[in-house]
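Taken in order, the sequence shown gives residues 24 to 236; the numbers are from our numbering. Yeah, the Cβ is synthetic: ideal placement off N, Cα and C, and Gly gets one too.
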Amino acid sequence: MASTTFAGPLALAFDPKMSISLEGLICSSSSSQATLGTVTAYYLSSQGATHDEIDFEFLGNVSGQPYILHTNVFACTRQGCFLVDNIPIREFNNAEKLGVPYPKSQPMRIYSSLWNADDWATRGGLVKTDWTKAPFTAYYRNFNANACTSATSCSSTTKNGLRDDAWRTQELDAWSRRRLRWVQKNYMIYNYCSDLKRFAQGVPPECRPSRVH
Numbered sequence: 024m025a026s027t028t029f030a031g032p033l034a035l036a037f038d039p040k041m042s043i044s045l046e047g048l049i050c051s052s053s054s055s056q057a058t059l060g061t062v063t064a065y066y067l068s069s070q071g072a073t074h075d076e077i078d079f080e081f082l083g084n085v086s087g088q089p090y091i092l093h094t095n096v097f098a099c100t101r102q103g104c105f106l107v108d109n110i111p112i113r114e115f116n117n118a119e120k121l122g123v124p125y126p127k128s129q130p131m132r133i134y135s136s137l138w139n140a141d142d143w144a145t146r147g148g149l150v151k152t153d154w155t156k157a158p159f160t161a162y163y164r165n166f167n168a169n170a171c172t173s174a175t176s177c178s179s180t181t182k183n184g185l186r187d188d189a190w191r192t193q194e195l196d197a198w199s200r201r202r203l204r205w206v207q208k209n210y211m212i213y214n215y216c217s218d219l220k221r222f223a224q225g226v227p228p229e230c231r232p233s234r235v236h
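Right, dumping it as structure tokens:
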């Protein structure tokens with residue numbers, strides 16, 4: 024069996040009520056082609072037609088080759104941050120004052136999925152899933168949730184200054200912002216806020232006030 028491993032921890036920190044982390048995403052199949060054409064997702068989602076959703080999505084590749092990591096925010100606190108190995112890779116600021124929805128009011132559950140996306144996931148859909156190499160399996164470990172449970176009210180008061188509660192802070196500190204810029208410079212391959220071809224009439228409003236996304 025061939026396997027492809029992404030060693031975490033992966034974290035979703037959406038201030039001030041939630042931090043979810045997971046360590047060790049492992050996808051495997053019976054072939055060295057591993058997870059071609061598949062997407063393995065780790066995400067939070069509420070229910071209903073106007074649900075909120077926050078995603079990590081790993082696009083399958085040949086065994087041993089780098090994954091492409093997608094992050095998505097769907098929304099109907101101040102900011103949210105995606106982290107890998109405790110390094111921020113994306114910041115999503117609250118721009119509700121500009122009319123941009125923000126995922127803060129609907130209770131969410133944690134989900135995992137492994138699905139076929141060979142029309143776009145690997146090399147833009149040029150490489151297809153080989154179903155003769157099934158089954159494809161995703162493994163997760165060391166799940167941890169530091170969050171408010173669903174209720175009519177939710178307190179996020181921090182009782183101490185331990186680093187474990189750093190996700191509750193309102194802004195990225197100077198070190199985290201430098202690391203975020205480093206990740207964006209060296210690893211980011213697409214930012215919708217820079218896609219002027221897609222948004223010929225102007226980028227979405229959340230792209231304008233934020234320093235980084």
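Excluding the 5 residues flanking residue i on each side, which residues of the same chain have their C-beta closer than 7 angstroms to its C-beta?
i: GLY60; result: GLY83, ASN139, ALA140, ASP141, ALA144, THR145, VAL150, LYS151, THR152
i: SER69; result: ASP75, GLN129, PRO130, MET131
i: GLY148; result: ASP141, ASP142
i: ASN209; result: none
Which residue's Cα is closest to the Cα of residue i: the options?
i: GLU76; options: PRO126, PHE166, LYS220, LEU219; result: PRO126
i: ASN167; options: LYS156, ARG200, ARG132, LEU137; result: ARG132
i: TYR134; options: ILE110, GLY122, THR63; result: THR63
i: ILE110; options: TRP205, ARG231, ARG221; result: TRP205
i: TYR213; options: ASP78, LEU92, PHE81; result: LEU92
i: ASP108; options: MET211, SER217, SER199; result: SER199
i: TYR90; options: SER136, MET211, ALA223; result: MET211
i: PHE81; options: GLU119, LEU121, TYR162; result: TYR162
For residue i, which beta-bridge partners are listed by DSSP?
i: HIS74; result: DSSP, once it has assigned bridges, lists no residue as partnering HIS74.
i: THR152; result: Beta-bridge pairing links THR152 to no other residue.
i: VAL62; result: LEU82, TRP138
Go through its chain and collect everything with a Cβ distance to residue i's Cβ below 8 angstroms, but skip five positions before and after it.
i: ARG186; result: Note on ARG186: pLDDT 43, under 50, position unreliable in the model; the coordinate value appears next. Once the five neighbours on either side are set aside, ARG186 has no close Cβ partner at all.
i: LEU219; result: VAL226
i: PHE79; result: LEU33, LEU35, ALA64, TYR65, TYR66, LEU92, HIS93, THR94, PHE105
i: ARG202; result: ILE110, PRO111
Excluding the 5 residues flanking residue i on each side, which residues of the same chain have their C-beta closer than 6 angstroms to its C-beta?
i: PHE97; result: GLU76
i: CYS230; result: CYS216
Between residue i and chain D, is there a C-beta pair that is closer than 8 angstroms?
i: ASN116; result: No chain D is present in this structure, which holds just one protein chain.
For residue i and residue j, which I take to be in contact (beta-carbon distance under 8 angstroms), what is that distance rounded to the nearest angstrom?
i: GLY71; j: PRO228; result: That pair is no contact at about 24 angstroms.
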